Amino acid sequence: MEREITEEKLKKYFEITKQALERLEIAVHEKSLLFSVAQDFLTMAKSYYSDAEYYYKKGDYVTAFAALNYAHGFIDAGVRLGVFEGEDDRLFAFG
1 MEREITEEKL
11 KKYFEITKQA
21 LERLEIAVHE
31 KSLLFSVAQD
41 FLTMAKSYYS
51 DAEYYYKKGD
61 YVTAFAALNY
71 AHGFIDAGVR
81 LGVFEGEDDR
91 LFAFG
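If you count by the UniProt record's numbering, then the sequence shown holds residues 1 to 95, one letter each, in order.
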């Protein structure tokens, strides 16, 4: 059981979340009622990713890791809801 957030682990999750953000596509039409949901989820994911970078640079790995998890949570929730397209099971939770 791991009890420590290492720099190696953090870098791994930064890369996964970065790739997910780069490949993410909004799956709903601009006129859809869910388009604003997609935009909000994307904004939140990017904001939490940015927060993670900030805390990582400060050496606060715990908060950085938490922010990465929130970022990816918004990404995965958007994919599951159907407002984002994501078909790579390494990057996205879908089902």
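Where a beta carbon is used, it is the ideal one built from N, C-alpha and C, also for glycine. Remember, it's a predicted structure, so these values are computed and weren't measured experimentally.
By alpha-carbon positions, which one of the options ends up nearest to residue i?
i	options	result
A27	I5, I75 and M44	I75
E22	E2, Y49, D40 and E8	Y49
A38	A64, G86 and I5	G86
L10	L81, Y54 and D88	Y54
On the criterion of 16 or more Cβ atoms from any shown chain inside 10 Å, does residue i qualify as buried, or is it exposed?
i	result
Y56	buried
T43	exposed
Does DSSP put residue i in a helix, a strand or coil?
i	result
L85	Position check: residue 85 holds Glu in this sequence, whereas Leu was assumed. Strand at E85.
Hey, residue i and residue j: beta-carbon distance below 8 Å or not?
i	j	result
F84	A52	no
Which residues in the same chain as residue i place their Cβ atom closer than 6 Å to its Cβ, once the five residues preceding and following it in sequence are excluded?
i	result
A20	I75 and L91
F41	F74 and G78
Between residue i and the rest of its own chain, which residues show a CB-CB distance below 7 Å, the 5 nearest in sequence each way excluded?
i	result
I5	Y61, V62 and F65
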